[in-house]
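Written out below as structure tokens is the structure these notes cover.
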Amino acid sequence: MYVYDEYDQRVVAERVAQFKHQVQRRIDGEITEDEFKPIRLQNGLYMQLHAYMLRVAIPYGLLSTKQLRMLGHIARVYDRGYGHFSTRQNIQYNWPKLEEVPNILDDLASVEMHAIQTSGNCIRNVTSDHLAGVARDELEDPRPYCELIRQWSTFHPEFAFLPRKFKIAVTGATTDRAAVRFHDIGVRIVLNEAGERGFEIIAGGGMGRTPHVGPVIRSFLPYPHLLSYLEAILRVYNQYGRRDNKFKARIKILVSELGVDEFRSRVEEEWEQIRDSALLLTEAELDRVRHFFTPPTYETLPEDPNALAAATLSSNRAYGHFVRNNVKPHKQAGYCAVMISLKVPGIPPGDVSDTQMDALADIVDEYSLGELVVTHNQNLCLPHVRQRDLPALFERLQAWDFAAANIDKVTDTISCPGLDYCSLANARSIPVALAITDRYQDIDYLEDIGEVSIKISGCINACGHHHVGHIGILGIDKQGVEAYQLMLGGSPSDDASIGKVIGPAFSREEIVDAVDTVLKTYLSLRSSDDERFIDCYRRTGFQPFKDALYANH
Amino acid sequence: MAARNKGTHVVITANRTEDGASVYLRADGTWSEKVADAEIVVEETTQEARIAWARTQERYVCDAYAFSINVEAGLPVILTKREEIRKDGPTVPYRRPDQTDQTDQADQAPRAAKEA
Amino acid sequence: MQIIKNRQLTSDDWRHVQDAEALPAAGDVIVSLARWQSEHDVLAGHDGQVGVRLASSDELGPLVADPAALAKIPVIALEFPKFTDGRAYTKARLLRERYAYTGELRAVGYVLRDQLFYMERCGINAFELKPGKPIESALEAFAEYSVTYQGAADDPRPLFRRVDRR
């Protein structure tokens with residue numbers, strides 16, 4: 237992974253010093269809350285319903301165990317003993333005190349971490365594929381480019397006050413696990429006709445009030461032009477993005493209102509002016525950053541194609557389920573990637589306690605070469621596990637409640653913090669997720685249903701990504717009472733689609749039954765045990781589901 | 009501003025600058041964590057004056073606003089889920105229970121996270 | 425009025441003239457882009473220097489159409505109507521880097537010390553701070569960072585072109 241040099245370290249240290257002073261000026265009354273607010277947002281500090289919230293950046297989700305231990309330390313010393321992993325591969329602390337935030341940032345800086353630009357109308361954390369570097373279908377590791385974009389965007393003086401937040405994702409695999417078509421800019425590593433590698437640039441995707449699948453702006457961009465092209469897009473957005481209406485200020489609105497062709501032409505016109513400037517990435521810099529992401533020294537192990545299959549039939553049924561559902565193929569023979577589900581009964585999705593973080597750090601040191609990744613789905617991933625270590629790893633994970641075998645199943649829900657925490661929310665989302673987890677505890681039934689993603693948002697800002705859930709749930713406020721809209725058929729990946737609202741909203745009491753009706757309808761309609769929910773829905777259309785849901789309304 | 013057609017009165021609330029906690033304005037101008045202590049405000053002019061005053065107290069509180077309540081037995085009654093949650097905190101657990109058969113590990117001193 | 429110019433406190437005689445106001449008989453004035461275009465001849469005869477003020481929604485086009493005229497403008501004031509309106513950062517960079525403007529670029533409006541570092545990197549070299557804010561301590565803002573990652577008006581080279589990072 238990337239290791240800071242003296243320059244990176246100084247950037248973070250100087251930011252902490254600046255923020256420390258800004259906090260002091262706020263506490264002393266020298267600046268007002270209105271003046272402090274954009275400053276604290278650019279340092280990842282939100283004001284929630286009943287506390288501050290600090291969002292710490294985890295660039296492209298990658299963590300060392302040293303960093304994980306520090307995250308546990310912060311939870312323990314400054315917060316209430318837990319952290320929450322978010323849908324953009326970051327971690328959130330829900331109870332920091334204003335005066336202590338500079339100390340938290342100092343602690344983070346000591347392990348090469350920060351909370352820079354995790355909020356505010358600036359370029360946010362660059363996210364990626366949680367299997368980056370290890371996936372079998374990977375064309376090239378996207379993470380060096382994430383890191384290059386991260387540095388270019390950090391304290392970019394021209395783009396600190398954009399019309400709205402700006403999110404970039406990069407993928408390097410043939411299957412998109414980074415939802416690049418739903419970001420303000422999506423970057424995909426591709427091959428052109430001459431067999432050369434470069435980038436496909438997508439812009440104007442997004443969720444929120446008006447979800448958009450982002451169009452391709454440039455189908456092939458050679459490596460050295462990555463930063464200059466992004467700069468051109470940001471410059472067009474900074475100048476022409478709407479600033480009159482917060483809900484129409486994202487780049488997706490600009491792309492949509494100008495039309496793709498006009499947008500592209502403005503970007504290309506700007507890019508022509510800067511493409512051969514100092515922004516051109518040098519071979520030296522490309523090599524330097526790529527070098528940090530060369531694969532670790534794996535052992536030479538035999539690939540045993542039957543070993544994993546055999547493991548799924550283990551007499552230890554829990555272990556069998558775990559291997560079947562949570563273990564993913566790896567490009568290195570004899571290795572695998574292991575998913576850790578943070579979706580267990582009674583616990584908000586994505587929450588991990590401080591002692592769990594410490595225990596996990598020990599486990600990751602022993603079984604995953606000291607690295608782990610935060611996914612988009614409020615789960616974690618151990619990317620470097622030897623297949624033969626799986627039985628021992630399973631037992632260690634099980635002891636710390638990390639072995640729930642429900643990856644990609646009904647209970648692997650995503651839920652934003654919702655009205656329990658967030659001042660933007662209209663309804664609570666975590667209790668709905670917990671109710672779903674409670675309802676479906678039988679792992680055999682979960683496996684029978686198969687792959688279903690349920691995504692829950694507490695408001696239209698869509699931090700739970702409900703538009704791209706196979707089953708999406710949106711919490712709304714119906715005359716002061718919480719209600720829930722149900723939508724079906726969304727997908728964040730290459731088969732990108734936006735879910736369709738199925739009918740009138742359900743009450744809190746009805747929504748889980750409604751989900752159950754949807755699942756039972758699927759089971760009755762599927763053409764075979766292997767037909768996934770999303771494929772069945774696309775084949776049958778929404779009508780049978782609508783009929784089943786509203787038959788008695 | 010509060011939707012007065014929802015409740016009969018309002019109280020003034022804000023977030024405490026120090027830690028973001030929900031606080032409620034007492035009649036004597038101090039802030040309490042308990043909504044039961046809040047001044048029950050009737051007149052719109054009083055409401056505006058209170059909020060204007062709260063905005064001069066940014067060293068202690070920020071984002072002051074008024075919300076609707078009813079009154080029963082002289083005490084404010086909260087009308088929305090949102091204000092209930094502001095008052096009582098999250099409705100979901102947040103202290104994650106550790107596994108009981110790991111008490112040995114849980115009791116050990118946490119690793120020095122800054123070791124070289 | 426006291427302003428910051430080239431990282432020093434200095435007093436200043438430029439006067440902002442609003443569109444509805446009559447021009448003073450003499451003295452250095454700053455007028456809006458619209459007025460600069462529409463009253464070109466009147467301004468040419470003004471007894472004093474004439475600078476231009478750009479609103480955040482103004483396009484640079486009319487200002488940069490004639491490079492000779494642009495080069496003669498002594499000061500261009502860039503409005504920051506709100507802390508959050510960042511359009512003038514782009515205007516500043518383009519004026520410096522694309523149109524080779526070498527006169528004074530001045531930030532006016534909602535200008536806090538917390539923006540000064542970014543503004544200077546974008547090529548702004550003079551600042552009218554928001555009234556009521558301490559001006560002496562604002563000078564510290566320019567030294568808040570000793571490292572920058574990306575190129576800008578101050579130096580077009582990204583860090584990787586300025587130093588050897590291997």
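Protein chains in written order, with my numbering: chain A, 237 to 789; chain B, 9 to 124; chain C, 425 to 590. Glycine included, C-beta positions come from ideal geometry on N, C-alpha and C.
Would T88/B pass as an interface residue toward chain A - the criterion being a Cβ-Cβ separation below 8 Å? yes
Measure the Cβ-Cβ separation of L553/C and V571/C and say whether it is below 8 Å. no
On the criterion of 16 or more Cβ atoms from any shown chain inside 10 Å, does G777/A qualify as buried, or is it exposed? Residue burial is scored here from C-beta neighbours: G777/A has fewer than 16 other C-beta atoms within 10 angstroms and is therefore classed as exposed.
Using a C-beta cutoff of 8 Å, does L519/C count as contacting chain A? no
Closer than 9 Å, Cβ to Cβ, to anything on chain A: give me those residues from the region 426–442 of chain C, in chain order. none
Assuming the contact rule is C-beta atoms closer than 8 Å, V259/A and P338/A should be a hit. Round their C-beta distance to whole Å, please. 6 Å
Beta carbon proximity, Q284/A to chain B, threshold 8 Å: yes
Could you tell me whether the Cβ of T536/A comes closer than 8 Å to any Cβ of chain C? no
How far does the beta strand (DSSP E) with C652/A in it reach, from first residue to last? From DSSP, C652/A is part of no beta strand (DSSP E); its letter is neither H nor E.
At 7 Å on the CB atoms, spell out the chain B contacts of D656/A, in chain order. Chain-ordered, the chain B residues with CB closer than 7 Å to the CB of D656/A read I93, P98, T99, V100.
E544/C to L83/B, Cα distance in whole Å? 55 Å
Whole-angstrom Cβ separation of K484/A and H448/A, contact assumed at under 8 Å? K484/A to H448/A, Cβ: 12 Å. No contact.
Residues of its chain near D244/A, where Cβ-Cβ distance is below 6 Å and the 5 sequence neighbours each way are ignored: none
N-terminal and C-terminal residue of the alpha helix (DSSP H) that P627/A is part of: 626–635
Residue of R445/A, G444/A, G431/A, L470/A minimising C-alpha distance to I438/A: L470/A
Do you know how far the Cα of G444/A is from the Cα of K482/A? 12 Å
The region 574–589 of chain A touching the region 608–621 of chain A, judged by at least three CB pairs closer than 8 Å: yes
Buried or exposed by the 16-neighbour rule on C-beta atoms within 10 Å, applied to N361/A: So N361/A ends up on the buried side.
If the cut is a Cβ gap below 8 Å, which residues of chain A does L494/C touch? The premise fails here: L494/C is roughly 17 Å from chain A at the closest Cβ pair, so nothing lies under 8 Å.
Note down, one range per segment and in chain order, each alpha helix (DSSP H) of at least 4 residues found wholly within the region 694–777 of chain A. 744–761, 769–776
So with Cβ pairs under 8 Å, would you call R139/B a contact of chain A? Residue coverage of chain B in this structure runs from 9 to 124, which leaves residue 139/B outside it and unanswerable.
My output table needs one value for H464/C: the three-state DSSP class, helix, strand or coil. helix
Going along chain C, which residues have a C-beta under 8 Å from L457/A? In chain order: nothing, as chain C lies at least about 17 Å away.
Of all the beta strand (DSSP E) runs that stay within the bounds of the region 284–342 of chain A, which reach a length of 3 or more residues? 288–292, 298–300, 318–321, 327–329
Which whole runs of the beta strand (DSSP E) in the region 431–475 of chain C are 3 residues long or more, in chain order? 432–435, 453–456
Is the shortest distance between the beta-carbon of Q254/A and the beta-carbons of chain C less than 8 Å? yes
Have a look at the DSSP bridge pairing and note the partners of N78/B. V85/B
For the region 530–590 of chain C, list the alpha helix (DSSP H) runs that are entirely contained and at least 4 residues long, ordered along the chain. 537–545, 583–586
How would you write the range of the beta strand (DSSP E) that H17/B sits in, first residue to last? 17–24
Is G434/A helix, strand or coil when you go by DSSP? strand
Starting from the Cα of A524/C, find the closest Cα among A501/C, V488/C, F541/C and give me that residue. V488/C
Within 7 Å of chain A by C-beta, residues of the region 509–534 of chain C in sequence order: D509, G510, R511, Y513, T514, R517, R522
Give me the Cα-Cα distance between E463/C and V453/C, rounded to the nearest whole angstrom. 13 Å
Alpha carbon of S30/B to alpha carbon of L344/A, nearest angstrom: 28 Å
Between the alpha carbons of K42/B and Y32/B, how many angstroms are there, rounded? 7 Å
Supposed close pair A641/A, N552/A - CB separation, criterion 8 Å: The Cβ separation is near 11 Å, so there is no contact.
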